[in-house]
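To keep things clear, I will list the structure first and then write my remarks on it.
Chains as they are written, first to last, in my numbering: chain C, 31 to 498; chain H, 9 to 72.
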């Protein structure tokens, strides 16, 4: 198998080719590094670790030649968001304010290595994983489907690198939608796991109550493979769940499964017409696969962006309070304004937001007692043009453009449930459309089952941006 | 509840040891906090006070 052809394939296919010896880890790593350099203008990577990646790939090839094939990701080149520490590599968290070489791997990276992965490098991101960054010290991320467009925040580089085949798969971080948003706008598959499923040890925090680490990849099966490698209790993080999980085994069809369409996510202009139509067509495919689809109502939906944003901003402001006081000029201006506003949220407001959050969780759990999954579009609109200003020149603009646009993803962050974004087609401007599938806590496999069945009947996840 | 005017926002930030870099920053920070305050204030529902704010972690803790 030629490595240049291979690098466009899914991780599950690549893992099988590597294990069988039909493809060498060194050749595949080399092909991804060359492609990442060729498309450096996309600004996907902050650090490309050529030397380290080749050493890991050579070791993987030696292991395969010895017939030791038990590690599922052996030789697979994976890149990680610069929010996670990788031993020996620089961590920046996407900010001018951070620059150190990590002494230890974060737990998620350590588990990727234990599974045999080759760590290619560190990926670009919005400053400190906040959404709303305008300037990016390591280059403005460009959407590979249209380089004048945004790639989504905050795991921008992860979305770009997977879509443009600059790595086999990637890790991102998701607080209020930072895996799912870039996955949606870049046309790839991304999972926010159940809160507590994947350790955040060694990861730059934003909002402890919401932060999660998860995969972005070319297919649902790829995401499941990475998720299984990184999930599980971590003695270094007391809040990580001890609940065991079963490997994902694709089933036949969706007969007997109930899908709830959250009407508020597409009604009354909550999503653009094209985005809403994309979701409705995707639901037709799920029906074809045997699922039943019902309308459901989530009355607090429109406020979820504000509730999640308010809590995250207060938490983030606490995390960065010293930097805000000492070096405000070194922040991106969008991040700085967001965090300074977060400093002004009162204890009374925080207490109320915390209770509103639990109302959202209660309502989501009530719905999930009647249906197996809930679906919405992942993003309310297709990827917009790259911005040079925040545009938040009034209260109304803040509510509409900032908090309002985040409701689709924030609702499931508030509920702490797993949510998967899958590509479901293209807009009239050939920009990716997406569907979000959210399930009960710790039922990632149900979410995978539905996403996988959809991808068995469609080809959207196999589409690649026309890069030259 | 009335909106905070930029001068009041500035005083509150200064009281926390923060300095605003320019008028544009101050105006946007004021829009942001006023939007949050107004919406939070307006969101009233009868069952809100009965909600425990942290029970999302019960599952993880139950396993430990």
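Glycine is no exception: its CB is placed at the ideal position from the N, C-alpha and C atoms.
Hey, quick one: how far does the beta strand (DSSP E) through residue i stretch, first residue to last?
i                      : result
residue 406 of chain C : 403-406
residue 451 of chain C : 449-456
residue 416 of chain C : Where residue 416 of chain C is concerned, there is no enclosing beta strand (DSSP E), given that its DSSP letter is neither H nor E.
residue 246 of chain C : 242-247
residue 222 of chain C : 219-222
For the alpha helix (DSSP H) holding residue i, just list the boundary residues, first then last.
i                      : result
residue 466 of chain C : No alpha helix (DSSP H) contains residue 466 of chain C, which is instead part of the beta strand (DSSP E) from 462-469.
residue 443 of chain C : 437-445
residue 212 of chain C : 210-216
residue 290 of chain C : No alpha helix (DSSP H) holds residue 290 of chain C; the beta strand (DSSP E) holding it covers 288-292.
residue 353 of chain C : 351-356
residue 109 of chain C : Per DSSP, residue 109 of chain C belongs to no alpha helix (DSSP H); it is in the beta strand (DSSP E), 107-111.
residue 367 of chain C : 363-373
residue 394 of chain C : 377-400
residue 233 of chain C : Element bounds for residue 233 of chain C: n/a, residue is neither H nor E.
residue 488 of chain C : Here residue 488 of chain C belongs to no alpha helix (DSSP H), and DSSP marks it neither H nor E.
residue 424 of chain C : Element bounds for residue 424 of chain C: n/a, residue is neither H nor E.
residue 14 of chain H  : 14-23
residue 47 of chain H  : 31-50
residue 34 of chain C  : 33-36
Using the beta-carbon count (16 or more within 10 Å), is residue i buried or exposed?
i                      : result
residue 200 of chain C : buried
residue 377 of chain C : exposed
residue 498 of chain C : exposed
residue 53 of chain H  : exposed
residue 406 of chain C : buried
residue 266 of chain C : exposed
residue 86 of chain C  : buried
residue 9 of chain H   : exposed
residue 491 of chain C : buried
residue 33 of chain C  : buried
residue 208 of chain C : buried
residue 496 of chain C : exposed
residue 580 of chain C : Residue 580 of chain C is absent from the model: chain C starts at 31 and stops at 498.
residue 15 of chain H  : exposed
residue 462 of chain C : buried
residue 28 of chain H  : buried
residue 285 of chain C : exposed
residue 82 of chain H  : No information on residue 82 of chain H is available, as it lies outside the stretch 9 to 72 that chain H covers here.
residue 464 of chain C : buried
residue 186 of chain C : buried
residue 317 of chain C : exposed
residue 245 of chain C : buried
residue 40 of chain H  : buried
residue 471 of chain C : buried
residue 68 of chain H  : Below a pLDDT of 50, predicted positions are generally treated as unreliable, and residue 68 of chain H, at 47, falls in that range; no measurement from the model is reported.
residue 282 of chain C : exposed
residue 44 of chain H  : buried
Assuming residue i and residue j are in contact, meaning their beta carbons sit under 8 Å apart, how far apart are those beta carbons, in whole angstroms?
i                      : j                      : result
residue 145 of chain C : residue 102 of chain C : 5 Å
residue 181 of chain C : residue 153 of chain C : Rounded, the Cβ-Cβ distance is 11 Å, inconsistent with contact.
residue 82 of chain C  : residue 118 of chain C : 7 Å
residue 94 of chain C  : residue 142 of chain C : In fact, because the Cβ distance is near 17 Å, the residues do not count as touching under 8 Å.
residue 416 of chain C : residue 170 of chain C : 6 Å
residue 343 of chain C : residue 372 of chain C : 3 Å
residue 249 of chain C : residue 40 of chain C  : 5 Å
residue 474 of chain C : residue 223 of chain C : 6 Å
residue 234 of chain C : residue 158 of chain C : 6 Å
residue 210 of chain C : residue 449 of chain C : 6 Å
residue 425 of chain C : residue 32 of chain H  : Going by Cβ atoms, the distance from residue 425 of chain C to residue 32 of chain H rounds to 16 Å, so no, they are not a contact pair.
residue 162 of chain C : residue 432 of chain C : 7 Å
residue 105 of chain C : residue 91 of chain C  : 7 Å
For the stretch 50-62 of chain H, which residues have a CB atom closer than 8 Å to at least one CB atom of chain C, in sequence order? 51, 53, 55, 56, 57, 59, 60, 61 and 62
By the 7 Å beta-carbon criterion, what residues does the stretch 22-39 of chain H contribute toward chain C? Identification of residues in the stretch 22-39 of chain H having a C-beta nearer than 7 Å to some C-beta of chain C yields 24, 25, 26, 27, 29, 33, 36, 37 and 39, given in sequence order.
Against chain H: residues of the stretch 330-354 of chain C by CB proximity under 7 Å: 333, 336, 340 and 354
Which residues, in order along the stretch 362-375 of chain C, keep a beta-carbon less than 8 Å from a beta-carbon of chain H? 363, 366, 367, 368, 370, 371, 373, 374 and 375
Every unbroken alpha helix (DSSP H) inside the stretch 144-205 of chain C [4 residues or more]: 186-193
What residues from the stretch 374-391 of chain C come within 8 Å of chain H, judged by C-beta to C-beta, listed N to C? Listed in chain order, the positions of the stretch 374-391 of chain C with a beta carbon within less than 8 Å of a beta carbon of chain H are 374, 375, 379, 381, 382, 383, 384, 385, 386, 387, 388, 389 and 391.
In the stretch 255-336 of chain C, which residue ranges form an unbroken alpha helix (DSSP H) of at least 4 residues, counting only runs that do not cross its ends? Here the runs fully enclosed are 303-318.
Relative to chain H, which residues along the stretch 422-436 of chain C have a C-beta separation below 9 Å, given in chain order? Those would be 422, 423, 424, 425, 426, 427, 428, 429, 432 and 433, in chain order.
In the stretch 40-85 of chain C, which residue ranges form an unbroken alpha helix (DSSP H) of at least 4 residues, counting only runs that do not cross its ends? 41-50 and 55-68
Using a Cβ cut-off of 7 Å, which residues of the stretch 465-477 of chain C contact any Cβ in chain H, in chain order? 471
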